[in-house]
Amino acid sequence: MKNKKGTEVILFLYALGISVWLSIFLGKPLNPHHLIEWMFKQF
Amino acid sequence: MRHTKLLLILMLSFSLLTGCWDKVEINQLAIVTMVGMDYDHASNRYTAFYQVINPKGLASNKGGTAAPLYTYHIKRKDIASTHLEAFDILPRVLFPDHIQGIMVSQRLAEKGLKDFINFIERQPNRRSNIPVLVTSDSLEQAMKTYTPLESIPGVDLRSLIKMQSKQSGKVSEKNQVLDLSESMETGSLVFLPMIRLIPGGNLRGNMEGLNDIDANQGNFRLDGTVLMKYGKMVGMLNGKDSALLHFAKGQSTEFFKAVHYDENKKVVLKSMIKPRIHKELVMEENKPVMKLRVNAALQIYDSNANVVLTQSTLKKMQKAFDREVQQNLDELVDKSKRKGWDLFDIQGQLKMKREDNWKKGGYWRKVQVRTEVNSAIRNVGNLTNPYKGG
Amino acid sequence: MKNQGSPPFNQEDFFTALSARLGHPPDLIKHTFLLGEKLWATCIFLHTLIDVKRIETFVFEHLMTEQKAEKSRQHGMSYFQKEIPMSDITFEQSYKDCADYLLLGNCLLFINGEAGFLVIEAEDIPERSIAEPQTEPSVRGPKDGFTENVMTNLSLVRSRLRTQEFRVVKSYIGSKSKTKLLLCYLNDTANMKVVKELQDKLEKIKIDSLLDSAYIEELITDKPFNPFPVFLNTERPDVAVSHLTEGRVVLLTEGTPVCIIAPVTFFQFFNAVEDYYQKAVISSLMRMLRILAFMLAVFIPSLYIAITTYHQAILPTNLLISLSAQREGVPFPAFVEAMLMMIVFEIIREAGIRMPRVAGQAISIVGALVLGQAAVEAGLVSPAMVIVVSLTAISNFVSPSYSFSSVQRLLQYGYMCLGAFMGLFGILCGVLYTLLYLVSLESFGTPYFAPVTPLSFKDLKDTVIRVPWPWLKKLPSMNHLQRKRR
Amino acid sequence: MEQAILSRWQFFLLTFNVTFGTAFFIRPGGLIAIGKQDAWVLPLIGGVAGLLMALLWLGLASLYPQKNIIEICRESAGKAGIFFALLYIWYFIEIASWVTRNLGDFMQVVLMPKTPKSVFHMMFLLVAAYAVIKGINAISRLSEFLSPIMYSVFLFVGVVLIRDWDTDKVKPILDTEIWQSFWNSNSIIGFPFVEPILLLMLFSYAPNKGGKRIFLLGIGLTALALSLVVFITVGTIGITRASHLIYPIFTMIQEVQLASFIEHMEATIIIIWLFSIFIKLAIALYCATIAICHLSGIPNRTGIVIPLSILVAGLALTIHTNVIETMDWDKNYSFWYHIVFGIYIPAFLLLITFVKRRFKKNNGLPHGKLGGGIRNEK
């Protein structure tokens, strides 16, 4: 059970990392700060 | 575990493969020793001169087989492209990290060096601690001159300046790019050395000229200083004045002065150490005054009179020195006022005042400079009394 | 052995079987002799392993008297055990290990009609006399070195260490070689955990023959690919003793003059024997010099490559110009040039070691003239590179420990590659990696980089510098010893 | 998890390296541009604020001894705590990305302009991932080994700079609107003084005695050292240039001329800078890794750190487009963003814990339920 959760987390991390890299290769970098800036502007 | 290690190793080797992008073999570099920059109003173009070392010519013991350096020049509309398009004629990678000096023409200096300085400071591979020289003669001629003794003109000029600032104080030590950029916002003056080509004789445009024993011919000569304000040339001082100025500002050690202390009695006095300078800004009768006190320790360098040295003669000499130097200083103050130069860096002094009313722009023009010179002869040289002779 | 039964048995058959077991070796001697009247005794031994003279004198000659035969009839085997004037005699009844006894250099004595036999230790292996150690010479200090005989070595150690606390544990390793191994330590000082760990690991060793102590180093490590030595080697009894007194464990191995010492730290590889026989100031300087040489050896070629191909800006102008002039016309990039020269040097070095002494001259001529001068003059390599390579080579030899200087070379090449690919940054990454590896390495519970990290100020007294003896009152704390003071 | 007890010196160095490590190189330029000749006061004020924040964190940590911030989040806020824990994990990852990016920017601007940034990032992350796999002992020993070298070189360089020192450049002292400029440079509270919250992940490895005092000492000394660096920079290369250059310290050292042959000392500062980046990166990556380990219950760091470094390498590229954007972000949002992690969440957790405990006491519930925290109460 625990082991399964572990693999999921690791796979999730891989997916996250690869998606960031994909976004770079596709020319639209995912910038987390833009999101944060947007959130700040809402306040 | 095995797999992850393999993955890591693969990643490492991939990243290694991309590495060599910045690789340049040392013999593929065009080592620039001096850069010249000229501006032509008529055509609105910059001309950059690159003096590139030919290592083989410089290092070979035989000498004379190949030129130690070559000068390339590129004429373009803006400064950046004179750099970028240098590759049109340079077969090697332009390598400006080791520049010994930058020479600009007087017309560019008058136009202003702001753009050029910004360009230099933006490039991480360029040093800013290199002297900037101004020449009133043809820059092209100057950049194509071989120097005797030091075969690299950049090194030659640099050590010339260093010597001058140490030995005679005619040139300020603060003549580098970084001093110029520092003054860009403070408005204080920067003193750049002025280079002249000695006229007459053949300028040493080729290697044959180097075999001439007369080293004066076609060589560089330092001739006073150029005053730069906000990166722009505002005037010139001759050697004598700048030596006095640097002495009075406490920047140079060496200062010579021949004074007459009696009828026909001349003595050459030399300062021994850097003078102690007191600067003080005060209000006197509602007028701002900067008091400048110079305390110098002197040494007798030469004396023409057959006089036995006594306390009273020494006193006389000191007094004469004080009087004459103060007189010269006052003349300099007048000149500075007349021309609107902040020679004594009053602005720097004003900046350190806490009260706001001192800090208004242009306030320094109202400040009067009052000078005072106190000297003491500490060393009479190796002779107590001169030889009498016939 | 077929003939494992209890006596009485047929001696002829027994001997034939024993001989067959050993493959009828020509050096197996069976000597039957008469003790007095009618009492036959038989002596079996391998004459290449034992001192035949002693057996002849003290067994044959001594026992061949009428009187003794008579007495022996009354007292049995135990009588002989007392009577034979030799020191190591045991009485055995099991015939199983006879062949092994022979192989370990014993003489077996059978008496007709008696059960059991005597095992007389008379081992005598041709032995080199005690000489100065070749690999660790010293100007001052003792000149004796370990030999191949482990007992001689033990006596060399004992003679310097006459304390009751000295403990020696004997074991045999190797199913074929039966190599004798002596584990030595000081009972009141050594960290018993280390002793226990070593003993456990030694017990677990499974190997057929153990010919040198180097085998042990590889056999008992957890990290077989670790290039850094976690044992110290020495051929000098004085060094071994100094480590024993500092609470470390010394392993003496039969058949090799090299003993191994554990635990050891990185900085101990910069200590030479003479450090303790010279004035403290001088030996401190020498140690710093060795560390400098280590740094030079490891970093010079890689830095040269990195700086000349990436960071020319940090060279002084004049040096840049002269290097640039030297490289003018050299066909290879700096990295290839350096690799080429380094590999050529390694080949010369290897050839120098393998070649007979007589031909050694030729090597140096080829190395110096052909590869150095001629290559430069032909414009194949730049003179600066020759300087770099020779400086590296010489610095390599400074290291007092041979096993450590090989690691040096490994690092050298690694950093050279990194420097060629990424300049200073690559070297820096390599250094960080190496440092991480080193600081997480442990030698039997002692961190490899102790006492620098984890820092212990007291131990620094004998690390990069050596303070004078009067100040060295404490034992190194990094080893977690039983005692604190010397 | 790992079993390790760091010595006090190691713990101090970890704190100091995390706080001072990269700030000394990045901060001075911006501070001088704002604070002029009095810029050296700003780190001191920031340091006081940092110390107050640290007291807040320590107060939180002392309620849960031997627990790290992730465990504190989960224990205090229950299910919602997982959200806070995730925020902190994100924050740690972000710090790692920032630090990595600092490296890439610097290397590309100053040393190797043609090599892509990601190469530097990946090589450093590779070694940092190795450090994480090796564990906190290896990291702290590495910092213990490198720090004396780094800071002694630093001191040496500082001594060399005395030649170029000009007292006039720092005069007049305390003549500017300090509070105004402090408010303009409030991002200094975020970076570097919120970042030591990383250490909250490592408190279970802290030395038994005086861990907290050492933590505070590390932050306090950072403020002093940062102030000194700013002071020296102003006095050496002057306000004008310092506020225009991206890396004034680098330029300052580049231009040192001790004797005619000791020029080009930038190699020293490059090495110091890279070492300090590495130590900080390794700590940030380690903290992020064990935070994920704690949250997901995976004991194996290796499995986590590899995808994590891939993520960090990616984020390091996307987090800012260029240095100017970094500066803009720093000016406008940095303070508010960091404060969320430095003050709001810890204060909220502290509040929850107090309320919970008060509530439980009133209900007469046994104390044991809150775990180890209760033991500390008197």
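Chains as they are written, first to last, in full-length UniProt numbering: chain A, 1 to 43; chain B, 1 to 390; chain C, 1 to 486; chain D, 1 to 378. Cβ atoms here follow ideal geometry from the backbone N, Cα and C, with glycine treated the same way. In this text the structure is predicted, and so the values were computed from the model without any measurement.
Task: contact_flag[the region 17-25 of chain C, the region 52-71 of chain C] where n(CB pairs < 8 Å) is 3 or more - done: They do not touch, by the three-pair rule.
Task: Check whether residue 6/D and residue 206/D have beta carbons under 8 Å apart - done: The residue labelled residue 6/D in the question sits at position 6 within the fourth sequence. The residue labelled residue 206/D in the question sits at position 206 within the fourth sequence. It is a contact, given that the beta carbons lie within the stated cut-off.
- [ ] Mind listing the chain F neighbours of residue 141/D? Cutoff is C-beta to C-beta under 8 Å, in chain order.
- [x] In the displayed structure, chain F is absent; the protein chains listed are A, B, C and D.
- [ ] Could you tell me which chain D residues have their CB closer than 7 Å to the CB of residue 291/C, listed as they occur along the chain?
- [x] Against the third sequence, residue 291/C aligns to sequence position 291. Neighbours of residue 291/C on chain D: none; closest Cβ ~13 Å, over 7 Å.
Task: Cβ neighbours of residue 335/D in the same chain (closer than 8 Å, five flanking residues each side left out) - done: What you label residue 335/D is simply residue 335 of the fourth sequence in a count that begins at 1. The beta carbon of residue 335/D sits closer than 8 Å to the beta carbons of 186, 187, 189, 190 from its chain, once the five residues preceding and following it are set aside; these are given in chain order.
- [ ] Step through the CB atoms of chain D and report whether any lies within less than 8 Å of the CB of residue 280/B.
- [x] Indexing the second sequence from 1 puts residue 280/B at position 280. No, residue 280/B does not count as interfacial toward chain D.
Task: Secondary structure of residue 84/C, DSSP reduced to three states - done: The residue labelled residue 84/C in the question sits at position 84 within the third sequence. Looking at residue 84/C - three-state DSSP - the assignment turns out to be coil, as it is neither helix nor strand.
TODO: Decide if residue 117/C is buried, meaning its Cβ has at least 16 other Cβ atoms within 10 Å, or exposed.
DONE: Within the third sequence, residue 117/C is the residue found at index 117, counting from 1. The residue is buried, with at least 16 neighbouring Cβ atoms inside 10 Å.
Task: Under 8 Å from the C-beta of residue 186/B: neighbouring residues of chain D - done: Along the second sequence, read from residue 1 onward, the residue named residue 186/B stands at position 186. The contacting residues are 240.
Open item on the list: From the DSSP secondary-structure annotation, give me the bridge partner or partners of residue 299/B.
Closed with: Here residue 299/B is taken as the residue at index 299 of the second sequence, counted from 1. Residue 299/B is bridged by DSSP to 270/B, 379/B.
Open item on the list: Counting only beta-carbon separations shorter than 8 Å, does residue 311/D have a partner in chain A?
Closed with: As a first step, residue 311/D must be located in the fourth sequence, where it is residue number 311. Contact with chain A is found for residue 311/D, since one of that chain's Cβ atoms lies less than 8 Å from the residue's Cβ.
- [ ] Would you kindly work out how many angstroms separate the C-alpha atoms of residue 286/D and residue 216/D, rounded to a whole number?
- [x] Your numbering for residue 286/D matches position 286 in the fourth sequence. Your numbering for residue 216/D matches position 216 in the fourth sequence. Residue 286/D and residue 216/D have their C-alpha atoms spaced approximately 21 Å apart.
TODO: Would you decide whether residue 321/D is buried or exposed? Buried here means 16 or more other CB atoms lie within 10 Å of its CB.
DONE: On the fourth sequence, position 321 is the one that residue 321/D refers to. Residue 321/D should be labelled exposed.
Task: Residues of the region 185-216 of chain C with Cβ closer than 9 Å to any Cβ of chain D, in chain order - done: Listed by position along the chain: nothing, the set is empty.
- [ ] Kindly list, in the order they appear in chain B, the residues whose Cβ is closer than 9 Å to that of residue 396/D.
- [x] Nothing about residue 396/D can be read from this structure; chain D reaches only from 1 to 378.
Open item on the list: Measuring CB atoms only, is the region 463-474 of chain C touching the region 270-287 of chain C, in the sense that at least three cross pairs come out at less than 8 Å?
Closed with: Taking 8 Å as the limit for Cβ pairs, the verdict is that the region 270-287 of chain C does touch the region 463-474 of chain C.
Open item on the list: Using beta carbons (cut-off 8 Å, strictly below), is residue 386/B in contact with chain D?
Closed with: To locate residue 386/B, count along the second sequence from 1; it is residue 386. Residue 386/B does not count as touching chain D.
Task: Buried or exposed (CB count within 10 angstroms, at least 16 for buried), residue 358/C - done: Along the third sequence, read from residue 1 onward, the residue named residue 358/C stands at position 358. When all chains shown are included, residue 358/C counts as exposed.
TODO: Put residue 62/B into one of helix, strand or coil per three-state DSSP.
DONE: For the purposes of this step, residue 62/B is taken as the residue at position 62 of the second sequence. With a pLDDT of 47 at residue 62/B, under the threshold of 50, the modelled position of this residue cannot be trusted; read the value that follows with caution. Looking at residue 62/B - three-state DSSP - the assignment turns out to be coil, as it is neither helix nor strand.
TODO: Consult DSSP for residue 257/D and reduce its assignment to one of helix, strand or coil.
DONE: Position 257 of the fourth sequence, counting from 1, holds the residue named residue 257/D. In the three-state scheme derived from DSSP, where H, G and I count as helix and E and B as strand, residue 257/D is classed as coil.
Task: Member of 318/C, 31/C, 479/C, 253/C whose CA lies at the smallest distance from the CA of residue 178/C - done: Here residue 178/C refers to the residue found at position 178 of the third sequence. Comparing Cα-Cα distances from residue 178/C to each of 318/C, 31/C, 479/C, 253/C, the minimum goes to 253/C.
- [ ] Can you grab the Cα-Cα spacing for the pair residue 58/C / residue 98/C, in whole Å?
- [x] The count along the third sequence starts at 1 and reaches residue 58/C at position 58. The count along the third sequence starts at 1 and reaches residue 98/C at position 98. Answer to the nearest angstrom: the Cα atoms are 21 Å apart.
Task: Rounded straight-line distance, which links the Cα of residue 159/C to that of residue 167/C - done: Taking the third sequence and counting its residues from 1, one reaches residue 167/C at position 167. Taking the third sequence and counting its residues from 1, one reaches residue 159/C at position 159. Rounded to whole angstroms, the gap between the alpha carbons of residue 167/C and residue 159/C is 14 Å.
- [ ] Report the residue ranges of all alpha helix (DSSP H) runs contained in full by the region 23-70 of chain B; include only those spanning at least 4 residues, in chain order.
- [x] Listed in chain order, the alpha helix (DSSP H) elements of length 4 or more contained wholly in the region 23-70 of chain B are 55-59.
Open item on the list: In whole angstroms, give me the CA-to-CA distance for residue 292/C and residue 411/C.
Closed with: Here residue 292/C refers to the residue found at position 292 of the third sequence. Here residue 411/C refers to the residue found at position 411 of the third sequence. Distance between the alpha carbons of residue 292/C and residue 411/C is about 15 Å.
Task: Contact residues within the region 124-138 of chain D, judged by C-beta distance below 8 Å to chain C - done: Within the region 124-138 of chain D, contact with chain C at the beta-carbon level (separation under 8 Å) is assigned to 124, 126, 127, 130, 131, 134, 135, 137, 138.
Open item on the list: Pop quiz: residue 33/B and residue 152/B are said to be a contact at Cβ under 8 Å. What is the actual Cβ separation, rounded to whole angstroms?
Closed with: For this step, residue 33/B is matched to residue 33 along the second sequence. For this step, residue 152/B is matched to residue 152 along the second sequence. Indeed they touch by this definition, with Cβ atoms about 5 Å apart.
- [ ] Could you confirm whether any beta carbon from chain A is found closer than 8 Å to the beta carbon of residue 337/D?
- [x] Indexing the fourth sequence from 1 puts residue 337/D at position 337. Chain A, which has a Cβ nearer than 8 Å to the Cβ of residue 337/D, makes this yes.
Task: Contact under 8 Å by Cβ, residue 45/D with residue 182/D - done: Here residue 45/D refers to the residue found at position 45 when the fourth sequence is read from its first residue. Here residue 182/D refers to the residue found at position 182 when the fourth sequence is read from its first residue. Judged by their CB atoms, residue 45/D and residue 182/D are nearer to each other than the 8 Å cut-off.
Task: Cα-Cα separation, residue 40/D to residue 227/D - done: Reading the fourth sequence from its first residue, position 40 is the one you call residue 40/D. Reading the fourth sequence from its first residue, position 227 is the one you call residue 227/D. Residue 227/D has its alpha-carbon roughly 5 Å from the corresponding atom of residue 40/D.
- [ ] May I ask which residues mark the beginning and end of the beta strand (DSSP E) holding residue 171/C?
- [x] Taking the third sequence and counting its residues from 1, one reaches residue 171/C at position 171. Looking at the DSSP string, the run of the beta strand (DSSP E) that includes residue 171/C is 166-173.
Task: According to DSSP, residues forming a beta bridge with residue 233/C - done: One-based indexing of the third sequence puts residue 233/C at position 233. Residue 233/C is bridged by DSSP to 260/C.
Open item on the list: Any beta carbon from chain D within less than 8 Å of residue 27/A's own beta carbon?
Closed with: In the first sequence, the residue the question calls residue 27/A occupies position 27. Residue 27/A does not count as touching chain D.
Open item on the list: I'd like to know whether the C-beta of residue 354/B is nearer than 8 Å to at least one C-beta of chain D.
Closed with: Reading the second sequence from its first residue, position 354 is the one you call residue 354/B. Yes, residue 354/B counts as interfacial toward chain D.
Task: Cβ of residue 13/A within 8 Å of any chain D Cβ - done: Position 13 of the first sequence, counting from 1, holds the residue named residue 13/A. Yes, residue 13/A lies at the interface with chain D (some Cβ there is under 8 Å from its Cβ).
Open item on the list: With DSSP as the reference, identify every bridge partner of residue 258/B, one or two as the case may be.
Closed with: Taking the first residue of the second sequence as 1, we reach residue 258/B at position 258. Its beta-bridge partners are 268/B.
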